[in-house]
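Trainee: Let me begin by handing over the structure; questions about it come next.
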Amino acid sequence: VSPPRRRDGMKVYGDHESGNCYKVRLLLGHLDRSYQWVDVDVLARETRTPEFLKKNPNGRIPLLELDDGSFLAESNAILWYLARGTDFVPVRPFDQAKVLEWLFFEQYSHEPYIATSRYWIHYLEARERYAGKLAEKREPGYAALRVMEQHLAEQPFLVGGRLTVADIALYAYTHVAHEGDFDLSGLPAVRRWLDRVAAVPGHVPMRRRQRLAAPDGG
8 VSPPRRRDGM KVYGDHESGN CYKVRLLLGH LDRSYQWVDV DVLARETRTP
58 EFLKKNPNGR IPLLELDDGS FLAESNAILW YLARGTDFVP VRPFDQAKVL
108 EWLFFEQYSH EPYIATSRYW IHYLEARERY AGKLAEKREP GYAALRVMEQ
158 HLAEQPFLVG GRLTVADIAL YAYTHVAHEG DFDLSGLPAV RRWLDRVAAV
208 PGHVPMRRRQ RLAAPDGG
């Protein structure tokens, strides 16, 4: 008999197609944790309302609300908090530090280029408007992907030979990098890693919204 599923009073405020929000949902899927999802429309500036800013003065998602009423922001901080004491954070201090190294890499060397490009193209549907800025994002984004390619050519996952929050954090935007015009065809190790991550039991796909029109008319 399977043990009863853990019941939590957690809420996750987010947008299903945001990679940073998807990270949290993906980890919770692997942990089989129950929670309430609260949709937040970034394009409608719902993160800038007085009500939301009381929860997170930085006005960003994802945002985790715990059952004691406390809040935790920043996607990778949420991942670390939820994963502590589980198999998704290694036991060895050095391996833990390597996971953190990849989490910092994701936010500083990967997300600003790949996720931002995707936002302009996929969310705003404003490729022409941001053409110059997209060109500036191209090489740094590919540089980050090449770092991953070199590392993953030697091992199946980012740290310790198994899925950790490092993989979850980087999978989120890498698996939709094509939506920011990043071509992964020349990165075979990255593509094999994406398949491995998606094949781990507990994996949940990113949900998609129905798109009726470009938000900015572009």
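Positions in the sequence shown are counted from 1; adding 7 to them yields the working numbering.
For glycine and all other residues, C-beta sits at the position ideal for the given N, C-alpha and C.
Please read these numbers as outputs of a predicted model, since none were measured by experiment.
Between D22, N27, G209, which lies nearest to H117 when the distance is taken from Cα to Cα?
Mentor: For the purposes of this step, residue 117 is identified with residue 110 of the sequence shown, where counting begins at 1. Considering only alpha carbons, the answer is N27.
Trainee: Give the list of continuous alpha helix (DSSP H) stretches no shorter than 4 residues that lie fully inside the stretch 52 to 103.
Mentor: The qualifying runs are 57 to 62, 82 to 90.
Trainee: Using the Cα positions of R215 and L86, report the straight-line distance between them to the nearest angstrom.
Mentor: Residue mapping note: residue 215 aligns to position 208 of the sequence shown, counting from 1. Residue mapping note: residue 86 aligns to position 79 of the sequence shown, counting from 1. Their backbone Cα atoms lie some 22 Å apart in a straight line.
Trainee: Inspect the CB distances between the stretch 197 to 209 and the stretch 131 to 143 and report whether three or more fall short of 8 Å.
Mentor: Contact fails: fewer than three Cβ-Cβ distances are below 8 Å.
Trainee: Quick check on the DSSP output: the alpha helix (DSSP H) that includes W200 runs from which residue to which?
Mentor: If you number the sequence shown from 1, residue 200 lands on position 193. Note, W200: alpha helix (DSSP H), 195 to 206.
Trainee: Alpha carbon to alpha carbon, how far is L33 from K140?
Mentor: By 1-based counting over the sequence shown, the position of residue 33 is 26. By 1-based counting over the sequence shown, the position of residue 140 is 133. The alpha-carbon atoms of L33 and K140 are separated by roughly 30 Å.
Trainee: For D46, which residues does DSSP report across the bridge?
Mentor: Along the sequence shown, read from residue 1 onward, the residue named residue 46 stands at position 39. Paired residue(s): G21.
Trainee: Around the Cβ of E120, are there at least 16 other Cβ atoms within 10 angstroms (buried) or fewer (exposed)?
Mentor: The residue labelled residue 120 in the question sits at position 113 within the sequence shown. The identity of residue 120 in the sequence shown is Tyr, whereas the question assumes Glu. Per the 10 Å Cβ criterion, buried.
Trainee: Under 8 Å Cβ to Cβ from R125, same chain only, skipping five residues before and after it: list those, please.
Mentor: Position 118 of the sequence shown, counting from 1, holds the residue named residue 125. The answer, listed in chain order, is G26, Y180, V183, A184, E186, G187.
Trainee: Please determine, among R52, L50, F78, the residue with the shortest C-alpha to C-alpha distance to K61.
Mentor: If you number the sequence shown from 1, residue 61 lands on position 54. For K61, the nearest C-alpha among the options comes from F78.
Trainee: One question on the structure: do L194 and L152 come within less than 8 Å of each other, judged by their Cβ atoms?
Mentor: Against the sequence shown, residue 194 aligns to sequence position 187. Against the sequence shown, residue 152 aligns to sequence position 145. For L194 and L152, yes; Cβs fall inside 8 Å.
Trainee: Less than 8 Å separating the beta-carbons of Y149 and F111?
Mentor: To locate residue 149, count along the sequence shown from 1; it is residue 142. To locate residue 111, count along the sequence shown from 1; it is residue 104. No, the Cβ-Cβ distance between Y149 and F111 is not below 8 Å.
Trainee: For R145 and D75, what's the separation of their Cα atoms in angstroms?
Mentor: Position 138 of the sequence shown holds residue 145. Position 68 of the sequence shown holds residue 75. Roughly 43 Å between the two C-alpha positions.
Trainee: Return the bridge partner residues of V154 from the DSSP annotation.
Mentor: For the purposes of this step, residue 154 is taken as residue 147 along the sequence shown, with counting starting at 1. None, per the DSSP bridge assignment.
Trainee: What are the boundary residues of the alpha helix (DSSP H) that includes V31?
Mentor: Looking up residue 31 in the sequence shown gives position 24. Start and end: 26 to 38.
Trainee: Compute the Euclidean distance between the alpha carbons of R99 and V31, then round it to the nearest angstrom.
Mentor: Start at 1 with the first residue of the sequence shown, and residue 99 comes out as number 92. Start at 1 with the first residue of the sequence shown, and residue 31 comes out as number 24. Rounded to whole angstroms, R99 to V31 spans 23 Å at the Cα level.
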